[in-house]
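Residue 2 is where the sequence shown starts when you use the working numbering, and the numbers rise one by one after that. The beta-carbon is built from N, C-alpha and C at its ideal position, and this holds for glycine as well. These figures come from a predicted structure and were not determined experimentally. Contents: one structure, followed by commentary.
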Amino acid sequence: MTPLVLDINLVNPAFHKKHFTYTGDFGPGSPNTPVLEFHHISEWREYLLTLQIRSAKVPGIHADAYHVALHMLLLAWADASLIKPAELQGLRSSEAALTGVYFQPIFEREKGRREKARKTCGGCKKCLLCSKLDRETFRPGLDKLLNYMVAHDCLDRTLHNENKKASGNALSVIRNVLAHGDISSGGLPWGGLFEAIREVMEHACRSFPEPPEYPPEVLAVLGVQRSPTLQ
Ligand SMILES: [Zn+2]
């Protein structure tokens, strides 16, 4: 993990002092402050630093990707239109981290399901369940990943459950709305979103003795490639 540096001088010092509000965290066990107020960018920076990844077990590539979101939030002090892209970046980083941890068990389970379905339908190729699962293209997606964590890896149910999905504030639903909707149209920030993302990532990676060595197919799923070089 690259240490997180949030440099307030990236924002024009003429704008450092102002009144800035952000939605507070309504999550379980968190202070129910509906609106957080800041009067100087250094206060905002202090707050953002509290949102950083605390666990060294989260692999550097994912922690760094999550911290890109905090960089964007720092700049959102000057330009609030960066808040929604920052939320999407945070959610994408958690999806990548969770994919790294749970790809294999979810893939195996899905494979088993399809084999079972093939036995029932005889390989009809119409029910979608009986089609062959391709390891290279299989993407569990944030909803399956979180469902799996709740069912099999002791994720706190207050972080992901059916009620949240129904009311549209489950991480997976927020991610889909941001990814497929109009990110530029703004809207209020999601209170407690980054706290929840970090909680989920740190939980998923909590039993890593060291940052893991991913096999090539998992790296391919994560979209990690070698740096392009000009030749
Ligand atoms: Zn079938």
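What residue range does the beta strand (DSSP E) around residue i cover?
i: Thr100; result: From DSSP, Thr100 is part of no beta strand (DSSP E) but of the alpha helix (DSSP H) over Ile84 to Cys122.
i: Val36; result: Val36 to His41
i: Lys19; result: Lys18 to Thr24
Sort the options by Cα distance to residue i and report the nearest one.
i: Ala70; options: Leu7, His181 and Ala57; result: Leu7
i: Gly91; options: Arg207, Leu220, Ser56 and Trp191; result: Trp191
i: Asn148; options: Asp135, Leu172 and Cys131; result: Leu172
i: Leu49; options: Val59, Trp78, Pro60 and Gly61; result: Trp78
i: Val151; options: Asn162, Pro141 and Gly142; result: Asn162
i: Glu218; options: Leu37, Thr22, Ile42 and Phe108; result: Phe108
i: Pro210; options: Val102, Glu111, Leu189 and Arg110; result: Val102
i: Leu220; options: Asn164, Val174 and Phe139; result: Phe139
Would you give the residue range spanned by the alpha helix (DSSP H) that residue i belongs to?
i: Glu137; result: No alpha helix (DSSP H) contains Glu137, which DSSP labels as neither H nor E.
i: Tyr149; result: Gly142 to His153
i: Lys166; result: Glu163 to Ser168
i: Tyr67; result: Gly61 to Ala77
i: Ala205; result: Leu194 to Ala205
i: Ala15; result: Premise fails: Ala15 is in no alpha helix (DSSP H) and is neither H nor E.
i: Pro217; result: Pro217 to Leu223
i: Ser173; result: Leu172 to His181
If you check the beta carbons only, do residue i and residue j fall under 9 Å apart?
i: Ala180; j: Leu75; result: no
i: Ile9; j: Pro86; result: no
i: Leu99; j: Val201; result: yes
i: Ala97; j: His72; result: no
i: Leu160; j: Ala197; result: yes
i: Arg199; j: Arg55; result: yes
i: His204; j: Asp144; result: no
i: Pro141; j: Phe104; result: yes
i: Leu134; j: Arg158; result: no
i: His288; j: Ser43; result: Any property of residue 288 remains undetermined from this structure, which presents the chain solely from 2 to 232.
i: Asp26; j: Gly182; result: no
Using a 10 Å radius around the Cβ and a threshold of 16 neighbouring Cβ atoms, would you call residue i buried or exposed?
i: Gln232; result: At Gln232, the pLDDT of 46 sits below 50, so the modelled position is not reliable; the number obtained from the coordinates is stated separately. Classification of Gln232: exposed, given that the 10 Å Cβ count is below 16.
i: Val222; result: buried
i: Ala81; result: exposed
i: Arg176; result: buried
i: Pro35; result: exposed
i: Lys117; result: exposed
i: Phe195; result: buried
i: Lys1; result: Because residue 1 is not part of the residues shown, which for the chain are 2 to 232, the question remains open.
i: Leu11; result: exposed
i: Ala66; result: buried
i: Ser168; result: exposed
i: Ser95; result: buried
i: Leu189; result: exposed
i: Leu52; result: buried
i: Arg136; result: exposed
i: Lys126; result: exposed
i: Leu156; result: buried
Collect the residues with a C-beta less than 7 Å away from any heavy atom of ligand 1 and give them in sequence order along the chain. The set, ordered by position in the chain, is Ala118, Arg119, Cys122, Gly124, Cys125, Lys126, Lys127, Cys128, Leu130 and Cys131.
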